[in-house]
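Going down the list, the sequences are from chains A and B. Just so you know, the first sequence maps onto residues 1304 to 1639 in our numbering. Just so you know, the second sequence maps onto residues 892 to 1236 in our numbering. Worksheet: the structure to be examined is printed underneath.
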Amino acid sequence: MRIYFVKRLLLMVPTLLGISLVSFLIIHLTPGDPALLKLGDSEQRSGNQLLAAQIIDETRALYGLDQPLYVQYLRWLKRILTFDFGESLRDHRPIIDKLKERIPVSVKLSGISLLFAYLISIPLGVYSATHPYSIGDRVTTIILFALYSLPNFWIATMAIVYLGGGDFWNVFPVYGLASPNAGSWPWWQRLEDELWHLILPVTCLTYYTFAVLSRYMRVGMIEIIRQDFIRTARAKGLGERTIVYRHALRNSLIPIVTLMADLLPTLLGGSIVVETLFSIPGMGSLSYEAVNTRDYPLLMAIFTLSALLTLLGILLADFLYTLVDPRIGYEKSATA
Amino acid sequence: MKRAQRPEGYWHIVLRQFRRNRVAIAGLVVVLLLFIIAAFADFIASDKPLVMKYRNQVYFPVLKDYAAWLGVARWETQFQNVSFKDFVASNFDKRDWAQFPPIRYSPNEVSLTSVLRPPSAQHLLGTDDVGRDIASRVVHGSRVSLSVGFVAVSIYVLIGLFIGALAGYYGGIVDMIASRMIEIMLTIPTFFLIITVVAFLPPSILNIMIVIGITNWPTVARLTRGEFLKTKSLEYVVAAKALGASDVRTIFRHILPNTIAPVFVAATFGVASAILIESTLSFLGFGVPPSKASWGSILSNARQLLPSGWWLTVFPGLAIFLTVTSYNIVGEGLRDAADPRLKES
């Protein structure tokens, strides 16, 4: 068992190298010169071509952008091994500091959203599975399907326009996660303020996950309910509630657990759309800024981090599998 | 003597199953309707008349526009660079007539006298901040969405089939390399990658198609690889090889037709997600050039304009929603029809 996971961890190394190479190449081969961008339009327009060229050269030399690609890659790789992601091109702050500041925000947002996603989907799925093809099942399926197809940037825009003081009601704040002067408030008021700020973004992050999660739950549950041990439980005279929640539910949690591991990268990566629209300073909006300012080191750090998380997520899913369902083993030989 | 009846083909069964599913058929109808709208967008919404009679001569300005664009015909000097609406108003007499399309505005027709008008008989879905007709923009926007959906998915299905087939059929070192590539691509955050590349390239619809195409092939490749692994040792494949069929013939004639169904289902869902990606990109301000009307860019414009007007956010969003939903419904129907085992009872 342990050997299996160690092997899996080792196999991640070539994959990670591949990922870093691919993202490095993509980012560096696409047009758009950060040195030029840094210089800005004003200085370019000022007409002092010589000075401008000098500044560009200096900036390039400073960040090693004048070196051949493979040198740049190896340098970057060497530093990344020590978790040194370098400095942001834009404000010279260490990238690791930026990440430290942004990740908790995204984790909070996605964590709450994930919690609600599971809290609502599991009962919905269980209901659909225990009442298959009833009117209630059909109606929930249709509603969830419709929610799933609603583009979340649309819903977010509508929420801002209609509920955030755009055209109609001014119910919810749509800027950031706290009111500007909240720092001086007592804690209960701050908490209320923050909850109030969270409602819209969390809703926009959550509503479309119900369809997938509850569907997995429903399918898994229906399969389980048909099995012999459930019939045995019924024959023993156990109550329906005990059967469903103690016997069936536990056994049908496996697919949902795998999905949770899939969601790990989103947990830290945040949502570009929702965070940008609601001006929330998380990883999503950081990614968006990095793209817009062609901040190479920052982009590379985000790419590598999310790829690493995805890989860990896959590994975690396999591991959770064995925890939830002891029948699954990873030993190759069936002896012992 | 009665001839032995030929067994029913696989696609026949799929088609029959699909036809039984009324919801899926409804989805298919919407999809076809959207196609018609996209194909005939210029005949539905244009500032030029479809047909007109002027000084005893009949003209077809919309068709003429196509011909002029292709370079096979030239505008008559009197119609060069004229607004047909002004022309009709000022030059027509009693015997002349013109039949305009149902929506009498072009998607980029600016009119500063009718800015931010709510829906009315004149502007069915209202106008935006520079007086462009939203109905016309939504109709023309369908072209961007559908073409991105189809071209992008075609690109990645082709790449995915190719790599998946090679990996599954040959196995060994080929499979090792292909599987590593698939794994790498699957772990890279796709949407972020697309945004990065699109942001660095000049805005163009073609770029979006290519970028979505080259980032989404791993799912198809994985599916195809799995199907090939399952199929390649079946008797009929072995028989084909024993009869001396070449690798190419075995792959394309024998294995591929029997493995394509799940890929087809994935492609249908893929069109829905490609349309969603395109509209998100346009919404975030990457992607389509400003001169092109796209559902995402109408919404993006509405967001920057607060207070804007409910018609600016509701209609383009509904268009996206309707399109994405109908593709998803068709995809579900196809999946149920292609593999009855998957249909949970």
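Heads up, the beta-carbon is just placed ideally off N, CA and C, and yes, glycines get one too. Because the structure is a prediction, the values reported are computed rather than measured.
Beta-carbon within less than 8 Å of residue i's beta-carbon, same chain only, minus the 5 sequence neighbours each way: which residues are those?
i                 : result
Tyr957 (chain B)  : Asp933
Leu1501 (chain A) : Leu1412, Ile1415 and Leu1480
Val1065 (chain B) : Leu1057 and Ala1058
Ser974 (chain B)  : Asp938
Leu1312 (chain A) : Leu1618
Leu1016 (chain B) : Pro1010, Asp1024, Ile1025, Ala1026, Val1029, Trp1202 and Phe1206
Asn912 (chain B)  : Gly1224, Asp1227 and Ala1228
Considering only their Cβ atoms, is the gap separating residue j from residue i smaller than 8 Å?
i                 : j                 : result
Gly1428 (chain A) : Met1520 (chain A) : yes
Ile1146 (chain B) : Val1128 (chain B) : yes
Val1215 (chain B) : Ile1166 (chain B) : yes
Leu1589 (chain A) : Lys1403 (chain A) : no
Leu1649 (chain A) : Phe1475 (chain A) : Since the first residue of chain A shown is 1304 and the last is 1639, residue 1649 (chain A) is not available in this structure.
Ala1237 (chain B) : Gly1055 (chain B) : Residue 1237 (chain B) falls outside the range modelled here, since chain B spans only 892 to 1236, and no answer is possible.
Gly918 (chain B)  : Ala1210 (chain B) : no
Val1576 (chain A) : Ala1459 (chain A) : yes
His1550 (chain A) : Ala1538 (chain A) : no
Ile994 (chain B)  : Asp1024 (chain B) : yes
Thr1171 (chain B) : Pro1397 (chain A) : no
Measuring straight from C-alpha to C-alpha, what distance separates residue i and residue j?
i                 : j                 : result
Leu1450 (chain A) : Ala1514 (chain A) : 7 Å
Asn1219 (chain B) : Ile1445 (chain A) : 12 Å
Arg1226 (chain B) : Thr968 (chain B)  : 56 Å
Tyr1510 (chain A) : Ser1002 (chain B) : 39 Å
Leu1615 (chain A) : Tyr1436 (chain A) : 38 Å
Ile1423 (chain A) : Gly1486 (chain A) : 33 Å
Ile1463 (chain A) : Val1477 (chain A) : 6 Å
Cys1507 (chain A) : Asp1387 (chain A) : 34 Å
Ser1323 (chain A) : Ile1330 (chain A) : 11 Å
Thr1004 (chain B) : Lys976 (chain B)  : 15 Å
Leu1120 (chain B) : Leu1049 (chain B) : 18 Å
Met1315 (chain A) : Gly1321 (chain A) : 10 Å
Val1089 (chain B) : Val1179 (chain B) : 10 Å
Phe1082 (chain B) : Ile1099 (chain B) : 12 Å
Leu1623 (chain A) : Asp1440 (chain A) : 29 Å
Ala1158 (chain B) : Tyr950 (chain B)  : 42 Å
Tyr1591 (chain A) : Ile1527 (chain A) : 44 Å
Tyr1279 (chain A) : Val1325 (chain A) : In the structure as shown, chain A begins at 1304 and stops at 1639. Residue 1279 (chain A) is therefore absent and cannot be evaluated.
Ile1103 (chain B) : Ala1043 (chain B) : 6 Å
Leu1466 (chain A) : Val1505 (chain A) : 14 Å
Tyr1047 (chain B) : Thr1106 (chain B) : 8 Å
Asp1138 (chain B) : Arg1071 (chain B) : 24 Å
Ile1425 (chain A) : Val1442 (chain A) : 16 Å
Ile1079 (chain B) : Ile1068 (chain B) : 17 Å
Quick one: is residue i buried, meaning 16 or more other Cβ sit within 10 Å of its Cβ, or exposed?
i                 : result
Trp1379 (chain A) : buried
Pro992 (chain B)  : buried
Phe931 (chain B)  : exposed
Pro940 (chain B)  : buried
Lys1123 (chain B) : buried
Gly1035 (chain B) : Position check: residue 1035 (chain B) holds Val in this sequence, whereas Gly was assumed. By the neighbour-count rule (16 or more Cβ atoms within 10 Å), Val1035 (chain B) is buried.
Thr1385 (chain A) : exposed
Gly1200 (chain B) : buried
Ala1610 (chain A) : buried
Starting from residue i and walking both ways along the alpha helix (DSSP H), at which residues does that stretch end?
i                 : result
Gln1375 (chain A) : Leu1372 to Ile1383
Trp1499 (chain A) : Trp1490 to Thr1509
Lys944 (chain B)  : First-last for Lys944 (chain B): Val942 to Tyr945, but that is the beta strand (DSSP E), not the alpha helix (DSSP H).
Trp988 (chain B)  : Counting along the chain, Trp988 (chain B) falls outside any alpha helix (DSSP H), though it belongs to the beta strand (DSSP E) covering Trp988 to Gln990.
Leu1314 (chain A) : Arg1305 to Leu1332
Trp966 (chain B)  : It is not in any alpha helix (DSSP H) - Trp966 (chain B) carries neither H nor E in the DSSP assignment.
Might you give, ordered along the chain, the residues of its own chain that have their beta carbon closer than 7 Å to the beta carbon of residue i, omitting 5 neighbours on each side?
i                 : result
Gly1585 (chain A) : Arg1405, Val1408, Ser1409, Leu1412, Gly1573 and Glu1578
Thr1433 (chain A) : Val1547
Thr1613 (chain A) : Pro1568
Lys1132 (chain B) : Thr1141
Ser1217 (chain B) : Gly918, Val921 and Val922
Phe926 (chain B)  : Leu1037
Gly1176 (chain B) : Ser1191
Thr1115 (chain B) : Gly1051, Leu1052, Gly1055, Ala1056, Gly1059, Thr1150 and Val1154
Residue range of the beta strand (DSSP E) that residue i falls in?
i                 : result
Tyr950 (chain B)  : Gln948 to Tyr950
Trp1472 (chain A) : Premise fails: Trp1472 (chain A) is in no beta strand (DSSP E) and is neither H nor E.
Ala1263 (chain A) : Any question about residue 1263 (chain A) goes unanswered here, given that chain A covers just 1304 to 1639.
Ala1133 (chain B) : Ala1133 (chain B) -> not in any beta strand (DSSP E); alpha helix (DSSP H) instead, spanning Glu1126 to Ala1133.
Below 6 Å CB to CB, which residues in the same chain sit around residue i once its five sequence neighbours on both sides are set aside?
i                 : result
Ser1482 (chain A) : Asp1496
Phe1174 (chain B) : Gly1187, Leu1190 and Ser1191
Gly1040 (chain B) : Val1162, Ala1165 and Ile1166
Ile1399 (chain A) : Phe1388
His1395 (chain A) : none
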